[in-house]
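Novice:
2 protein chains.
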Amino acid sequence: MGKLLIVGTVAFDEIETPFGKTDKILGGAATFIGLAAAQFKIESAIVSVVGDDMPLEYLEVLKDKDIDLSGLEIVKGGKTFYWKGKYHNDLNSRDTLVTELNTLADFSPKVPENFKDADVVMLGNLHPNIQMSVIDQMTERPKLIVLDTMNFWMNNTLEELIDVIKRIDVLTINDEEARQLTGEYSLVKAAAKIHTMGPEYIVIKKGEHGALLFHESSIFFAPALPLEEVFDPTGAGDTFAGGFVGYLTATKNVSFSNLRNAVIHGSNLASFCVERFGTERMLSLKKGEVDKRLHQFKELTQFDIELQ
Amino acid sequence: MGKLLIVGTVAFDEIETPFGKTDKILGGAATFIGLAAAQFKIESAIVSVVGDDMPLEYLEVLKDKDIDLSGLEIVKGGKTFYWKGKYHNDLNSRDTLVTELNTLADFSPKVPENFKDADVVMLGNLHPNIQMSVIDQMTERPKLIVLDTMNFWMNNTLEELIDVIKRIDVLTINDEEARQLTGEYSLVKAAAKIHTMGPEYIVIKKGEHGALLFHESSIFFAPALPLEEVFDPTGAGDTFAGGFVGYLTATKNVSFSNLRNAVIHGSNLASFCVERFGTERMLSLKKGEVDKRLHQFKELTQFDIELQ
């Protein structure tokens, strides 16, 4: 079985949408990545930090999916990273009401010995120095290093971010952030600029408008599945990334044609994530449902024009 | 050969984008529809009206594509419909600076005798009473009636619009207009509501984010081709519609699977339209270029996950 190493937040999320609101529930990039990747037959581990205010039952959710938590530091007397946000009526934008870094502020990641040779490393959205430290701890160059980031790190730690981007294979980033990082409005031009910064592959996430995978002069596009209702977008991007790296770890094939498939698997899982609050839908998800929706993706995109 | 009847504006457009501006150039829905449809082996005619301020060389552009203009009324001493607009920097939104209806205000369409049995009728964006009058003049029920409209008619002539929507097969409409027409934010729900108003097929256009084709509970998605630069979006929606109906007229097949292909042909042609001002790119377009880009659409969307 392929091995996947995930670094990212394990957090408390408190979410308000037009459909309702939650208390502090289990969230965080590594959580969503891990739950999505667990849909595939792989070994996975999360490197992260929480305070001892994190209920053990929340961590059991991850252990139940056979995710190795030996790299999850629990700080005694510490408080877990906490995010509170409110989505606008169209669910395409949100206000962050509270961000408390807490134990994340001084986090120094420690990769478990048996994952220092992981096939795939997923660097979830975090301080670039933490992402870099994880790369440095690997004893073998992974087949694939994937990095997700956001505008916050571009605004505050751009040099460090550029240094770590040099060392990765795939950057996943949303459309606005790709524009900010490169100064190019056209996503085709933005991806071309990011290529010159290091990564062989660029995934530009466009939320409800799907995701683009760029490789040399080729482009692949995965639509988001049109849904009757998006209930809560929290974690959709991380679930996308989790499906993407989970599939690649399971198939141990990092060719462009397999990355295309991986983007579809990521979009597929993300389409479930948004149907309920937080991790709820991912935890009830059955293989039959996942397979059925893959058929819908095929139906959604395939056509039979005879090419000349 | 299949026959296509097009009703819509033949107009003067004056356009400003971040890349430059034009004088009064040839524009209008019927112009863009006709030029795109002319890529296919069909007989086509335009029903429209202009003033005698329209230079004959502009009309020659349409005649050169073998488009029948016997239904194009030229009003002596009249002025042609004129639109002036300025696009914002992201080219996704624009301000209308001038709209002069001129001869369009009293337009009463007259369908040429030899097109009263057209296979496909494309009702371009116009007053719903004009669209209705064209349907009423057909001696045989066309295989397919396609209607395009916009928010202006919803705001001012909603009852008339709903009456004509009852009698068509395909409604093409953009995402915001679908939401306005139905009061549903979800495009899946909006399409379902529009189905109950009459049309068997709904095409929801999302500009640079592609187009969705809804039929019963099935959905097909055609992405827009990611471009290095969008130069001028004017006419892209009508070019899309022209490619869509042109292909369907040529193939004389109005099955769902052929409508899927038609949406791809429409997206393909629209991707050229935006590369230059107005009709410029459509006039220089060569078959080899069109075919080559169809390959890109295939590359952009096809994947090979084995389904279970």
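These protein sequence lines map, in sequence, to chains A and B. For the numbering used here, add 13 to where a residue sits in the first sequence, where the first one is 1. For the numbering used here, add 13 to where a residue sits in the second sequence, where the first one is 1. Beta carbons: idealized from backbone N, C-alpha and C, even for Gly.
Measuring straight from C-alpha to C-alpha, what distance separates glycine 279 of chain A and threonine 252 of chain A?
Specialist: 7 Å
Novice: Name, going along the chain, the residues of the stretch 94 to 123 of chain A whose beta-carbon falls closer than 8 Å to a beta-carbon of chain B.
Specialist: Residues of the stretch 94 to 123 of chain A with a C-beta atom less than 8 Å from some C-beta of chain B are Asn102 and Asp103, listed in chain order.
Novice: Measure the alpha-carbon distance for histidine 101 of chain B versus alanine 191 of chain A and round it to whole angstroms.
Specialist: Going from the Cα of histidine 101 of chain B to the Cα of alanine 191 of chain A covers about 20 Å.
Novice: Quick check: proline 246 of chain A and leucine 104 of chain A, are their CB atoms within less than 8 Å of each other?
Specialist: yes
Novice: In this structure, how does DSSP classify histidine 228 of chain B when only helix, strand and coil are distinguished?
Specialist: strand
Novice: On a CA-only basis, which of A:Leu313, A:Val147 and A:Phe227 is nearest proline 125 of chain A? Give me that one, please.
Specialist: A:Val147
Novice: Let me know if lysine 218 of chain A comes out buried or exposed under the rule of 16 or more other beta-carbons within 10 Å of its beta-carbon.
Specialist: The Cβ neighbour count for lysine 218 of chain A, taken over all protein chains shown within 10 Å, is at least 16; the residue is labelled buried.
Novice: Going residue by residue through the stretch 34 to 100 of chain B, where are the continuous alpha helix (DSSP H) segments of at least 4 residues, counting only ones entirely within it?
Specialist: 42 to 50 and 69 to 76
Novice: Taking the C-alpha atoms as reference points, what is the distance between lysine 206 of chain A and serine 230 of chain A?
Specialist: About 12 Å.
Novice: Helix, strand or coil for isoleucine 181 of chain B? Go by DSSP, reduced to three states.
Specialist: It is coil, neither helix nor strand.
Novice: I'd like to check one pair, lysine 37 of chain B with glutamate 27 of chain B: are the Cβ atoms closer than 8 Å?
Specialist: yes
Novice: In this structure, does DSSP put asparagine 271 of chain B in helix, strand or coil?
Specialist: helix
Novice: So if DSSP puts leucine 136 of chain A in a beta bridge, which residue, or which two residues, is it bridged to?
Specialist: Leucine 136 of chain A is bridged by DSSP to A:Val20 and A:Leu160.
Novice: Show which residues of chain B have a CB atom less than 9 Å away from the CB atom of phenylalanine 269 of chain A.
Specialist: Neighbours of phenylalanine 269 of chain A on chain B: none; closest Cβ ~11 Å, over 9 Å.
Novice: Exposed or buried, which one is valine 60 of chain B when buried takes at least 16 other CB atoms within 10 Å?
Specialist: The residue in question, valine 60 of chain B, is buried, as its Cβ has 16 or more Cβ neighbours within 10 Å.
Novice: Counting only runs that start and end within the stretch 277 to 311 of chain B, where is the alpha helix (DSSP H) found for 4 or more residues in a row?
Specialist: 293 to 297
Novice: Pull up the DSSP beta-bridge partners for valine 216 of chain B, would you.
Specialist: B:Thr185 and B:Leu226
Novice: Quick one: using the 10 Å Cβ neighbour count with 16 as the cut-off for buried, is proline 31 of chain A buried or exposed?
Specialist: exposed
Novice: Mind reading off the beta-carbon distance from isoleucine 19 of chain B to methionine 145 of chain B? Whole number of angstroms is fine, and I expect it under 8 Å.
Specialist: Actually they are not in contact, since the Cβ atoms of isoleucine 19 of chain B and methionine 145 of chain B sit about 16 Å apart, beyond 8 Å.
Novice: Is DSSP giving threonine 170 of chain B helix, strand or coil here?
Specialist: coil
Novice: With arginine 273 of chain A and phenylalanine 316 of chain A assumed to form a contact (beta carbons below 8 Å), what rounded beta-carbon distance in angstroms separates them?
Specialist: About 16 Å separates the two Cβ atoms, so there is no contact after all.
Novice: Leaving out the 5 sequence neighbours to the left and right, which residues in its chain are closer than 8 Å to glycine 47 of chain A when beta-carbon positions are compared?
Specialist: Same-chain partners within the cutoff: Ile19, Ser57, Ile59, Leu75, Lys78, Ile80 and Gly255.
Novice: Nearest CA to the CA of glutamate 319 of chain B: which residue from A:Leu296, A:Gly291, A:Ala283 and A:Asn271?
Specialist: A:Asn271
Novice: Would DSSP call valine 201 of chain A helix, strand or coil?
Specialist: helix
Novice: Out of A:Leu85, A:Asp149 and A:Asp188, which has the shortest C-alpha to C-alpha gap to asparagine 164 of chain A?
Specialist: A:Asp188
Novice: Exposed or buried, glutamine 52 of chain A, counting other C-beta atoms within 10 Å across all chains shown (16 or more means buried)?
Specialist: buried
Novice: Helix or strand or just coil, what does DSSP make of valine 111 of chain B?
Specialist: strand
Novice: Rounded to a whole number of angstroms, what is the C-alpha to C-alpha distance between leucine 298 of chain B and arginine 289 of chain B?
Specialist: 11 Å
Novice: Relative to the C-alpha of valine 159 of chain A, which residue among A:Val177, A:Gly196, A:Gln321 and A:Lys54 is closest?
Specialist: A:Val177
Novice: Compute the Euclidean distance between the alpha carbons of threonine 185 of chain A and methionine 67 of chain A, then round it to the nearest angstrom.
Specialist: 29 Å
Novice: Of all Cβ atoms in chain B, is any one closer than 8 Å to the Cβ of leucine 298 of chain A?
Specialist: No, leucine 298 of chain A does not count as interfacial toward chain B.
Novice: Quick check on isoleucine 318 of chain B: does DSSP put it in helix, strand or coil?
Specialist: coil
Novice: Is DSSP giving glutamate 221 of chain B helix, strand or coil here?
Specialist: helix
Novice: With distances taken Cα to Cα, identify the nearest neighbour of leucine 282 of chain B among B:Lys300, B:Val267, B:Lys265 and B:Lys92.
Specialist: B:Lys300
Novice: Please identify, using Cβ separations under 7 Å, the residues of the stretch 230 to 249 of chain B that lie next to chain A, in order along the chain.
Specialist: Ser231, Ile232, Phe233, Phe234, Pro236, Pro239, Leu240, Glu241 and Glu242
Novice: If you check the beta carbons only, do methionine 295 of chain A and phenylalanine 285 of chain A fall under 8 Å apart?
Specialist: yes
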